[in-house]
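Only one structure is covered here, and it is reproduced in the block below.
If you want it as structure tokens, here you go:
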């Protein structure tokens, strides 16, 4: 076996060899701090972002190097079966290890942010999955709702509030005292205000009300019926209910709603404005519950809809500033999956340094 030597400069001659975990360290004094030793002893962590449309995994080490990414299908237990959740988490993790050039093995720590994980029963499901696929030692596996990893990534572990506007919507914040709260995120049947799903549903409501005469003419009608594959508004009932349209299909109507709104349709514009205000209200309530001072609310916005273009983003930011005048809105520092990696590092009892966060940011920029 080839031996690797790490030399350090000492005040006296080399007099002894220290053996540490298979590494032969030549040094004149056992207590000498050897520059670079931490790099050799770095630990590998696993971050997972599981949502209703995809599952992302990242491998990184505690020094800030991103080692590999993986991506698979959805893993939200509310949207897919437990077996599919398990399969997609494992697939994403295996891909990350493959990108690193190594066979899958337990990481030193793992953190999973999974959409819809809010109850003890939800946690038990994710705990069983994480343990069964051997992500890490059970004592070093953490999991929570996906908004927590979005906050960790967006604000790089700083106190503040993150708003998620994607297929669904939710808001989550944490203050300097460690108190946290979630506002919204009650699912598409009860909530998901301002989300892609919300825009799709409201657009369909608008065109049927327009057909009744309860609402004025809207340019949404023709294009929306084309996308739905119907040529008579009466067919929308069958299209929606037999078989029932999936949430992701309805959310997929959002880009069309935004396009028609940008073209000047008043009804489409009102749908978008109402969605913006509903999302901003989530932030307002979270800021009050967390007792943030009005001019000290750090906010970041995450999710595919939130970053769908300047038209949507500008309107959303204006609504946030109207509801929370002192809000300091910043672009996400890191993606949610790297936020999960930061939380995994914390699970090892290590506080991620500014250098680690900077390296994560550089890696994301290079991967775009």
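Residue numbers (our numbering): 180 to 547.
Glycine is no exception: its CB is placed at the ideal position from the N, C-alpha and C atoms.
So, under 8 Å CB-CB, residue i and residue j are touching, yes? Tell me the CB distance rounded to an integer number of Å.
i: residue 312; j: residue 265; result: 7 Å
i: residue 477; j: residue 485; result: No, residue 477 and residue 485 are not in contact; Cβ-Cβ is about 16 Å, not under 8 Å.
i: residue 304; j: residue 324; result: Incorrect: roughly 13 Å between the Cβ atoms, too far for contact.
i: residue 364; j: residue 375; result: Not quite, the Cβ-Cβ distance comes to about 14 Å (not below 8 Å), so this is no contact.
i: residue 540; j: residue 512; result: 6 Å
i: residue 465; j: residue 340; result: 5 Å
i: residue 226; j: residue 520; result: 3 Å
i: residue 382; j: residue 369; result: Rounded, the Cβ-Cβ distance is 19 Å, inconsistent with contact.
Roughly how many angstroms lie between the CA atoms of residue i and residue j, to the nearest whole one?
i: residue 223; j: residue 289; result: 9 Å
i: residue 272; j: residue 358; result: 31 Å
i: residue 536; j: residue 543; result: 11 Å
i: residue 488; j: residue 437; result: 9 Å
i: residue 418; j: residue 380; result: 13 Å
i: residue 282; j: residue 362; result: 40 Å
i: residue 202; j: residue 221; result: Here the model assigns residue 202 a pLDDT of 34, short of 50, so the residue's position is not dependable and the matter cannot be decided.
i: residue 491; j: residue 322; result: 31 Å
i: residue 405; j: residue 412; result: 11 Å
i: residue 257; j: residue 235; result: 17 Å
i: residue 377; j: residue 401; result: 19 Å
i: residue 426; j: residue 367; result: 8 Å
i: residue 319; j: residue 291; result: 11 Å
i: residue 508; j: residue 441; result: 24 Å
i: residue 445; j: residue 456; result: 16 Å
i: residue 300; j: residue 471; result: 32 Å
With DSSP collapsed to three states, give me the class of residue i.
i: residue 311; result: helix
i: residue 246; result: strand
i: residue 427; result: helix
i: residue 361; result: strand
i: residue 539; result: helix
i: residue 339; result: strand
i: residue 266; result: helix
i: residue 412; result: helix
i: residue 519; result: helix
i: residue 514; result: coil
i: residue 204; result: Low confidence applies to residue 204: its pLDDT is 36, below 50, so where it sits in the model is not reliable, and the reading given next is rough at best. Of the three classes helix, strand and coil, the one that applies to residue 204 here is strand, per DSSP.
i: residue 349; result: strand
i: residue 231; result: coil
i: residue 436; result: helix
i: residue 419; result: helix
i: residue 216; result: With a pLDDT of 43 at residue 216, under the threshold of 50, the modelled position of this residue cannot be trusted, and the question is left open.
i: residue 529; result: coil
i: residue 485; result: coil
i: residue 399; result: coil
i: residue 300; result: helix
i: residue 394; result: coil
i: residue 224; result: strand
i: residue 534; result: helix
At which residues does the alpha helix (DSSP H) containing residue i begin and terminate?
i: residue 501; result: 489 to 502
i: residue 317; result: No alpha helix (DSSP H) contains residue 317, which DSSP labels as neither H nor E.
i: residue 457; result: 445 to 468
i: residue 375; result: 375 to 391
i: residue 328; result: 325 to 333
Going by beta-carbon coordinates alone, are residue i and residue j separated by less than 7 Å?
i: residue 245; j: residue 239; result: yes
i: residue 481; j: residue 293; result: no
i: residue 515; j: residue 329; result: yes
i: residue 415; j: residue 462; result: no
i: residue 346; j: residue 430; result: yes
i: residue 524; j: residue 241; result: yes
i: residue 483; j: residue 331; result: no
i: residue 259; j: residue 248; result: no
i: residue 354; j: residue 469; result: yes
i: residue 315; j: residue 278; result: no
i: residue 373; j: residue 454; result: yes
i: residue 534; j: residue 334; result: no
i: residue 254; j: residue 229; result: yes
i: residue 538; j: residue 280; result: no
Quick check on the DSSP output: the beta strand (DSSP E) that includes residue i runs from which residue to which?
i: residue 509; result: 507 to 509
i: residue 478; result: 477 to 481
i: residue 291; result: 288 to 293
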